[in-house]
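Notes follow once the structure below has been shown.
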Amino acid sequence: LAGNVAIVTGGGRGIGLAIARSLAEDGASVVVSGRDAARLDAAVKELEALGAPALAVPADAGKREDVDRLIEVTRERFGRIDVVVNNAGITRDQLLVRMKDDDWDQVLDTNLRGVFLMTRAAGKVMMRQRSGRIISIASTAGAMGNAGQVNYSAAKAGVIGLTKAAARELAHWNILVNAVAPGLIETDMTAAIPAEAREAMLQQVPLKRIGQSREVAEVVRFLAGDGASYITGQTIHVNGGLYI
Ligand code: NDP
3 LAGNVAIVTG
13 GGRGIGLAIA
23 RSLAEDGASV
33 VVSGRDAARL
43 DAAVKELEAL
53 GAPALAVPAD
63 AGKREDVDRL
73 IEVTRERFGR
83 IDVVVNNAGI
93 TRDQLLVRMK
103 DDDWDQVLDT
113 NLRGVFLMTR
123 AAGKVMMRQR
133 SGRIISIAST
143 AGAMGNAGQV
153 NYSAAKAGVI
163 GLTKAAAREL
173 AHWNILVNAV
183 APGLIETDMT
193 AAIPAEAREA
203 MLQQVPLKRI
213 GQSREVAEVV
223 RFLAGDGASY
233 ITGQTIHVNG
243 GLYI
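Using my numbering, read the sequence shown as starting at 3 and increasing by one per residue.
Here it is as structure tokens:
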């Protein structure tokens, strides 16, 4: 990925930081975005220590002005955008009948609207370049559904649909659009799940262990690279067999 410029939303921690690291190790310049500026600065220091040019851009993934600024700042600093990883995501779990409108709106805004905004804005830049890779982080929940997560499951299923449609539209400009759907991965997001519920979910995983962010990042790195030049519109599942 030497010479490539990548943006990773939610790149300050968790799966996003692992992806940023992995792209940086492969020689890409990496822009990390998120809401927490201090965390992004720490991530940039780590990426620079790997020898990669890196930049922190505080931006809310669900806000159009923020997304447009993220794209603009990246172009000003690095001149192009080769890889976009739509990773920013949240959960607001609740049973369907108890779910508040706000739980629905917040999750859809960040997890689906955010992917739309970034894909549209980056797509325009990539069309002019006649090349690009857009990789969105979906979830097993978007394929299987998950009780207590109608908002999250709907958003992630939406990401998979958006990926397929965008892949068809953007293929003409040599822009490849794919998704990676992780299962249960050890991050702050899953640390918030009560131990009993986590254990019950792990019982459903044939590999009988939680996944690591690095194991998701490796697949993103592959999809960003030359080896994936004939793959578009796909969702690659990284879940220890949870969904087969
Ligand atoms: P974390 O909660 O550890 O990290 C979430 C990341 O998203 C943070 O970097 C956070 O940054 C960023 N983020 C959240 N909301 C916004 C926002 N509105 N604008 C910009 N950035 C935002 O989660 P994970 O690393 O576990 O999750 C990363 C992705 O992987 C998500 O899309 C998630 O849905 C998906 N996923 C995770 C799984 C898991 O088991 N962990 C399983 C399947 C999918 P900040 O707080 O600084 O804004």
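The C-beta atom is built at its ideal place from N, Cα and C for all residues, glycine as well.
Any non-hydrogen atom of ligand 1 within 6 Å of residue i CB
i, result
"L25", "no"
"N89", "yes"
"S138", "no"
"A63", "yes"
"R71", "no"
"S141", "yes"
"L186", "yes"
Three-state secondary structure (DSSP) of residue i
i, result
"A63", "coil"
"V240", "strand"
"G134", "strand"
"N153", "helix"
"S31", "strand"
"A226", "helix"
"L25", "helix"
"I162", "helix"
"N113", "helix"
"L172", "helix"
"Q96", "strand"
Nearest residue (CA-CA) to residue i, options the options
i, options, result
"G13", "D68, R66, G227 and N89", "N89"
"L19", "R132, A61, E198 and G36", "G36"
"M203", "D95, A169, M128 and N148", "N148"
"P55", "R41, E27 and D38", "E27"
"I83", "E171, Q206, A4 and I195", "A4"
Beta carbon of residue i nearer than 7 Å to that of residue j
i, j, result
"A140", "I162", "yes"
"A22", "V34", "yes"
"T112", "I136", "no"
"V240", "V222", "no"
"K166", "G235", "yes"
"V99", "V10", "no"
"V85", "V75", "no"
"S24", "A219", "yes"
C-beta neighbour in chain C for residue i, strict 7 Å
i, result
"A56", "Protein chains in the displayed structure number just one, and chain C is not present."
Count the C-beta pairs between the stretch 119-131 and the stretch 182-190 that are closer than 8 Å, then say yes if the count reaches three, no if not.
no
With three or more beta-carbon pairs closer than 8 Å as the criterion, would you say the stretch 96-115 touches the stretch 147-156?
yes
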